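First residue of the sequence shown: 27, per the numbering used here; consecutive thereafter. For reference, the structure discussed in these notes is given below.
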Amino acid sequence: MAAPRTNPWVRFIWLGRCGRVRSTPSAGSSRAIATKCAWNRSRPPCKGCWVCSPKSDERRLFLALWPENRERRQLAELAATAAGRRRVPDANLHLTLVFLGATPADRLTAYAAALADLSVPRLELLLDRYGHWSRSRILWLGSSHTPPELYELVADLHRRLRGCGFAPERRTFQAHITLARKFPGPAPAQPPATPIRWPVEDVALVESLRDRTGSRYQVLRRWPGG
27 MAAPRTNPWV
37 RFIWLGRCGR
47 VRSTPSAGSS
57 RAIATKCAWN
67 RSRPPCKGCW
77 VCSPKSDERR
87 LFLALWPENR
97 ERRQLAELAA
107 TAAGRRRVPD
117 ANLHLTLVFL
127 GATPADRLTA
137 YAAALADLSV
147 PRLELLLDRY
157 GHWSRSRILW
167 LGSSHTPPEL
177 YELVADLHRR
187 LRGCGFAPER
197 RTFQAHITLA
207 RKFPGPAPAQ
217 PPATPIRWPV
227 EDVALVESLR
237 DRTGSRYQVL
247 RRWPGG
């Protein structure tokens with residue numbers, strides 16, 4: 027009997043459209059590929075087989091402004107009007123403050139300690155304009171005049187987290203809510219007929235989870251405003 031073929035894909039998980047999935051060993055999160063594609067060396071893996079496979083003790087996290095029911099309904103209505111079926115699921119609408127990425131348990135404990143006495147300023151966002159990033163094909167909703175307190179909050183979060191080994195993204199923070207992905211553009215020419223007033227009262231720690239239906243988000247805890 028011929029020896030089984032060796033393959034660099036070594037660890038099994040149960041994700042993807044092609045059955046069992048193998049993933050690459052790495053220090054952090056890795057990409058995974060379904061078994062049927064992994065053994066077919068004559069072609070690259072199909073698009074549907076790529077999934078994220080973090081290490082077992084890591085969680086994909088971010089800090090965000092999480093809308094309450096009233097603001098979420100208003101955001102969902104704008105997304106449906108502007109983007110139709112390409113819109114982000116209503117339950118996933120949020121404004122990212124800091125993307126933490128794949129986070130092991132010990133790092134999460136350090137983050138929680140660093141944020142224990144976080145003071146969230148009370149402010150109000152006026153969401154009154156659409157935007158579109160052609161490279162990433164994202165349709166978003168933002169503010170013509172972002173309150174300076176929001177930039178100060180993000181800077182405070184970065185300062186606290188740096189002591190725990192966190193490396194902030196190099197790009198400048200731009201407050202926005204993603205309304206749609208894979209959106210060809212352009213953004214609607216006219217601003218929202220009724221801008222959304224969003225009173226910010228807390229910051230949420232959110233986990234990004236992935237299943238066969240796509241991404242979903244779960245709020246782990248909140249830091250209330252002062």
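Just so it is clear, CB atoms sit at the ideal spot from N, CA and C, and this is done for glycine as well. Treat the numbers as computed from the prediction; the structure is a model and nothing was measured.
Using a Cβ distance threshold of 8 Å, VAL232 and VAL180 do not count as a contacting pair. A Cβ-Cβ separation of about 7 Å places PRO173 in contact with LEU151 under the 8 Å criterion. Under the criterion of beta carbons closer than 8 Å, TRP249 and THR204 do not qualify as touching, at roughly 22 Å. Minimum Cα-Cα distance from LEU121 among the listed residues ALA230, LEU246, ARG242 and SER160 corresponds to ALA230.
Per DSSP, GLU195 lies in no beta strand (DSSP E) segment and is marked neither H nor E. Considering only LEU91, LEU153 and LEU134, the residue with the shortest C-alpha distance to LEU104 is LEU153. In summary, ALA139 is exposed, with fewer than 16 beta-carbon neighbours lying within 10 Å of its beta-carbon over all protein chains present. Counting every other CB atom within 10 Å of its CB across the protein chains shown gives ARG161 a total below 16, marking it as exposed. Contact between the segment 81-91 and the segment 233-245 is present: three or more C-beta pairs spanning the two stretches fall below 8 Å. Counting along the chain, the unbroken alpha helix (DSSP H) around THR135 starts and ends at 131-140. Taking the C-beta atoms as reference points, ALA206 is found no nearer than 8 Å to ARG98.
Of the candidates GLN216, GLY240 and HIS202, the residue whose Cα lies closest to the Cα of TRP92 is HIS202. Taking 8 Å as the cut-off, the beta carbon of TYR177 is found no closer than this to the beta carbon of PRO217.
Excluding its 5 nearest sequence neighbours in each direction, THR129 has C-beta neighbours in its own chain below 8 Å: GLU84, ARG85, ARG86, LEU87 and TYR137, listed in chain order.
Apart from sequence neighbours up to five positions away, the residues of its chain that approach ARG223 with a beta-carbon distance below 7 Å are GLU150 and LEU152, ordered along the chain. Annotation for LEU179: the continuous alpha helix (DSSP H) segment containing it runs 174-188. Rounded to the nearest whole angstrom, the CA to CA distance from PRO147 to HIS171 is 17 Å.
Shown here for ALA90: same chain residues with a beta carbon closer than 7 Å to its own, the five before and five after excluded, namely HIS120, LEU121, THR122, LEU123, ALA230 and VAL232 in chain order. Taken atom to atom, the span from the alpha-carbon of ILE164 to that of PRO214 is near 13 Å. Between GLU195 and ALA109, the alpha-carbon positions lie close to 28 Å from each other. Boundaries for ALA90: no alpha helix (DSSP H) harbours it, while the beta strand (DSSP E) harbouring it runs 84-91, taken from the DSSP string.
Taking all protein chains shown into account, VAL245 has fewer than 16 neighbouring C-beta atoms within 10 Å of its C-beta and is therefore exposed. A straight-line Cα-Cα distance of about 22 Å links THR220 and GLN200. Excluding residues up to 5 positions away in sequence, LEU231 lie with their Cβ nearer than 6 Å to the Cβ of ARG247 in the same chain.
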